[in-house]
Amino acid sequence: MFNVMFTEEDVKFYLAELALALNHLHSIGIIYRDLKPENILLDQPKLPFSNEIPGVKPGAFCDEYNMMQELGRGTFSVCRLCEHKQTRKQYAAKIISKSGHDCREEVEILLRYGNHPNIVTLFGVHEDNSYVYLVMELLKGGELLDRILTIQRMSETEASAVLRTVVSAVAYLHEHGVVH
């Protein structure tokens with residue numbers, strides 16, 4: 011293990027860079043900003059879907075899931091807690107408006123690279139005339155970017171753990187030809 015000392019200015023610089031990288035990755039739906047590097051899941055087993063069209067579940071999203079409280083909001087989407095009606099397992103549902111946004115690339119990236127421990131797993135995709143519903147693993151811990159922007163200081167140990175997690179995900183994506 012390296013025993014490197016960072017100045018306060020070094021830590022500020024790296025945290026600012028980390029905040030920019032997290033913001034960009036989150037804006038394109040690649041990484042969920044979970045506070046815990048081990049990405050603790052509220053549910054472990056994957057819910058099987060048999061899709062006629064690869065990646066898209068036929069039928070109404072609301073027939074299978076109960077919609078619950080809002081978890082977050084973006085320019086073209088809202089993320090809500092949802093519960094599978096049969097299994098009672100909870101997931102995060104990213105509900106993307108079809109008007110003005112094509113989410114095919116996001117779905118493809120999540121389906122292809124969601125097996126990395128620091129990239130959210132996509133369990134299924136539903137759509138109707140107005141929206142695409144991405145059923146994803148529910149991660150807890152809050153928004154890392156929000157925490158970075160509001161805390162006064164982060165210890166070297168905390169900063170190195172966060173950087174290690176983000177660099178691991180970015181390196182994985184780069185190895186597979188995804189650039190940011």
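Numbering (our numbering), first residue to last: 11 to 190. No residue lacks a Cβ here, since even glycine has one placed at the ideal position from N, Cα and C.
In DSSP terms, what valine 142 is bridged to: By 1-based counting over the sequence shown, the position of residue 142 is 132. Per DSSP, Ile106, Glu137.
Presumed contact (8 Å Cβ cut-off) between tyrosine 101 and leucine 148, rounded CB distance: One-based indexing of the sequence shown puts residue 101 at position 91. One-based indexing of the sequence shown puts residue 148 at position 138. Confirmed, about 5 Å.
Of the residues Lys22, Ile119, Ala29, Lys104, the one placed nearest valine 189, counting alpha carbons only: Taking the sequence shown and counting its residues from 1, one reaches residue 189 at position 179. Minimum Cα distance to valine 189 is reached at Ile119.
DSSP state of leucine 148 mapped onto helix, strand, coil: Counting from 1 along the sequence shown, the entry for residue 148 is found at position 138. Assignment of leucine 148 by DSSP, reduced to helix, strand and coil, places it in the coil class.
Validate contact between the stretch 88-96 and the stretch 112-129 using beta carbons, cut 8 Å, 3 pairs: Inter-segment contact for the stretch 88-96 and the stretch 112-129 is absent: fewer than three beta-carbon pairs are separated by less than 8 Å.
C-beta contact flag for alanine 31 and leucine 159 at 8 Å: Walking along the sequence shown from the start, residue 31 turns up at place 21. Walking along the sequence shown from the start, residue 159 turns up at place 149. In this structure, leucine 159 does not lie closer than 8 Å to alanine 31 by Cβ.
8 Å contact criterion, which tyrosine 143 and alanine 103 should meet: CB distance rounded: Translated into the one-based positions of the sequence shown, residue 143 becomes position 133. Translated into the one-based positions of the sequence shown, residue 103 becomes position 93. Rounded, the Cβ-Cβ distance is 6 Å, consistent with contact.
Neighbour-count burial assignment, alanine 169, 16 or more Cβ in a 10 Å radius: Taking the sequence shown and counting its residues from 1, the one referred to as residue 169 is at position 159. Classification for alanine 169: buried.
DSSP three-state assignment for valine 88, whether helix, strand or coil: Counted from its first residue, the sequence shown places residue 88 at position 78. Strand at valine 88.
Of the listed residues Asn139, Glu137, Tyr123, Arg157, nearest to alanine 181 (C-alpha basis): Along the sequence shown, one-based indexing puts residue 181 at 171. Ranked by Cα distance from alanine 181, the options Asn139, Glu137, Tyr123, Arg157 are led by Tyr123.
For glutamate 80, the three-state DSSP class (helix, strand or coil): Against the sequence shown, residue 80 aligns to sequence position 70. Of the three classes helix, strand and coil, the one that applies to glutamate 80 here is strand, per DSSP.
In DSSP terms, what glutamate 93 is bridged to: On the sequence shown, position 83 is the one that residue 93 refers to. In the DSSP assignment, glutamate 93 forms a beta bridge with Asn76, Gln100.
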